[in-house]
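These notes are about the structure you will find just below.
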Amino acid sequence: MDVLLQQHQQQQAAMLSILPPSTTLPNVLTAAAHLHLLSFALTLVLPLITLLYIHRDYQAFLSLGPGGTPSTPLGYAKIKLLSLICLRHPRRPVAVPPHFRPQKGYLPALRTRPGERPVVQGIAPQRQQTQRSSEEIYRGLVGAMRRLIGEPANCLLERTSCFEKHSSGIFASTPITRTCGGEVCHAHPSDGSLHMTLHPADAKIVLESGWGERHPLARGGWCRRFVPREFVLIYAPRNEQEIEVVMRIIAAGVWWVAGIDVHKDGRDRRDSGADAEAPLSAQAETECHACRVHGCGRKSVEKMTGDA
Numbered sequence: 029m030d031v032l033l034q035q036h037q038q039q040q041a042a043m044l045s046i047l048p049p050s051t052t053l054p055n056v057l058t059a060a061a062h063l064h065l066l067s068f069a070l071t072l073v074l075p076l077i078t079l080l081y082i083h084r085d086y087q088a089f090l091s092l093g094p095g096g097t098p099s100t101p102l103g104y105a106k107i108k109l110l111s112l113i114c115l116r117h118p119r120r121p122v123a124v125p126p127h128f129r130p131q132k133g134y135l136p137a138l139r140t141r142p143g144e145r146p147v148v149q150g151i152a153p154q155r156q157q158t159q160r161s162s163e164e165i166y167r168g169l170v171g172a173m174r175r176l177i178g179e180p181a182n183c184l185l186e187r188t189s190c191f192e193k194h195s196s197g198i199f200a201s202t203p204i205t206r207t208c209g210g211e212v213c214h215a216h217p218s219d220g221s222l223h224m225t226l227h228p229a230d231a232k233i234v235l236e237s238g239w240g241e242r243h244p245l246a247r248g249g250w251c252r253r254f255v256p257r258e259f260v261l262i263y264a265p266r267n268e269q270e271i272e273v274v275m276r277i278i279a280a281g282v283w284w285v286a287g288i289d290v291h292k293d294g295r296d297r298r299d300s301g302a303d304a305e306a307p308l309s310a311q312a313e314t315e316c317h318a319c320r321v322h323g324c325g326r327k328s329v330e331k332m333t334g335d336a
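Count along the sequence shown from 1, then add 28; that gives the number in my numbering.
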């Protein structure tokens with residue numbers, strides 16, 4: 029009997045060993061407390077992480093300096109909304125539409141820009157973060173631009189940028205291509221880069237040879253209210269040889285906006301194949317309401333050597 033009783037007890041012990049441990053009420057309460065504590069911690073931490081990200085991103089926005097968008101929380105919010113529709117591949121050139129006239133641009137070719145492309149950040153303002161121009165090189169660039177403006181036959185003016193509002197640029201006195209107030213280009217003293225409007229074929233050459241990239245909002249359609257579809261950022265020159273290349277690109281912008289070839293003489297200067305429009309009509313149709321109110325492109329408020 030003792031042996032049978034002992035075997036029975038062993039069988040019961042074996043059966044109990046394969047059963048899952050019983051869940052007690054204290055264990056349930058402990059698990060619920062852990063979940064509640066985790067949820068409470070996330071409720072506190074996630075808003076703090078979000079606020080930290082917004083603070084750092086806003087400081088990065090301010091570090092770009094003044095530009096076409098006010099350096100305020102409202103301006104920052106506007107840029108964050110616009111970032112949802114900006115170009116994802118700004119180094120990819122836009123095709124020339126078949127109905128476009130002229131089909132061919134001004135530049136036959138450009139030599140490839142040596143080295144890697146610089147780091148570019150921002151939308152408005154859009155600024156170059158690396159490989160910036162030195163003060164000496166930027167002064168050389170501004171001097172070359174002013175010599176171009178100073179030639180009466182070029183019919184160019186230096187006025188407050190219609191796009192940036194905080195720096196000056198080159199304007200065509202009689203524009204034939206629609207840009208904001210007839211603006212050809214403007215330079216950024218903070219980094220030495222430039223913004224300008226080019227013929228799509230010339231913009232393609234600039235992008236493929238590594239001298240610039242499209243503006244994030246240069247996608248046409250509804251975004252034309254901000255910048256033209258052919259609006260590009262030209263990288264800052266790093267030496268005198270690169271100033272010469274940038275000036276060739278500026279000449280292409282003058283040809284496209286003003287219809288003038290600055291490298292020709294006499295009647296051959298006006299040889300742009302674009303259809304000439306009445307200058308005042310072209311300017312009136314392309315100016316935004318704010319430009320008409322504040323006189324963008326008609327006031328010589330700041331020079332290219334000022335802060336940008």
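Every residue gets a Cβ at the ideal spot worked out from N, C-alpha and C, and that includes glycine.
Query, Result
"For ILE288, three-class secondary structure by DSSP", "coil"
"Straight-line gap, SER161 to VAL73 (C-alpha atoms, nearest Å)", "42 Å"
"Proximal residues to CYS114 (C-beta, below 8 Å), its chain only, five neighbours per side dropped", "ILE151, PRO244, LEU245 and ARG247"
"Nearest to VAL274 (by Cα), restricted to the options GLN154, HIS64, TRP284 and LEU261", "LEU261"
"Nonlocal neighbours in the same chain, by C-beta distance under 8 Å from PHE128, ignoring five residues either side", "PRO228"
"Coarse secondary structure for ARG141, derived from DSSP in three states", "coil"
"Straight-line Cα distance separating VAL234 from GLY240", "6 Å"
"CB contact flag (ALA172, LEU184, <8 Å)", "no"
"Helix, strand or coil at VAL73 [DSSP, three-state]", "helix"
"Contained beta strand (DSSP E) runs [length at least 3] in the segment 156–241, N- to C-terminal order", "184–188, 196–200, 211–215 and 222–225"
"Among ILE77, ILE107, CYS251 and LEU135, nearest to LYS232 - alpha-carbon criterion", "LEU135"
"Bridge-paired residues (DSSP) for ILE82", "According to DSSP, ILE82 bridges with nothing at all."
"Close beta carbons around GLN154, own chain, < 7 Å, minus the five adjacent residues each side", "VAL148, HIS243, PRO244 and LEU261"
"Through-space distance from ALA181 to CYS251, alpha-carbon basis", "34 Å"
"Identity of the residue in THR71, VAL282 and GLU236 nearest HIS117 by Cα", "GLU236"
"The alpha helix (DSSP H) enclosing LEU112, as first and last residue numbers", "Per DSSP, LEU112 belongs to no alpha helix (DSSP H) and is neither H nor E."
"Cβ shell of SER189 (< 7 Å), same chain only, five flanking positions each side left out", "SER195, SER196, GLY197, GLU211 and HIS214"
"Residue burial classification, TYR166 (beta-carbon count within 10 angstroms, cutoff 16)", "buried"
"ARG187 versus HIS216: straight-line alpha-carbon distance, rounded", "14 Å"
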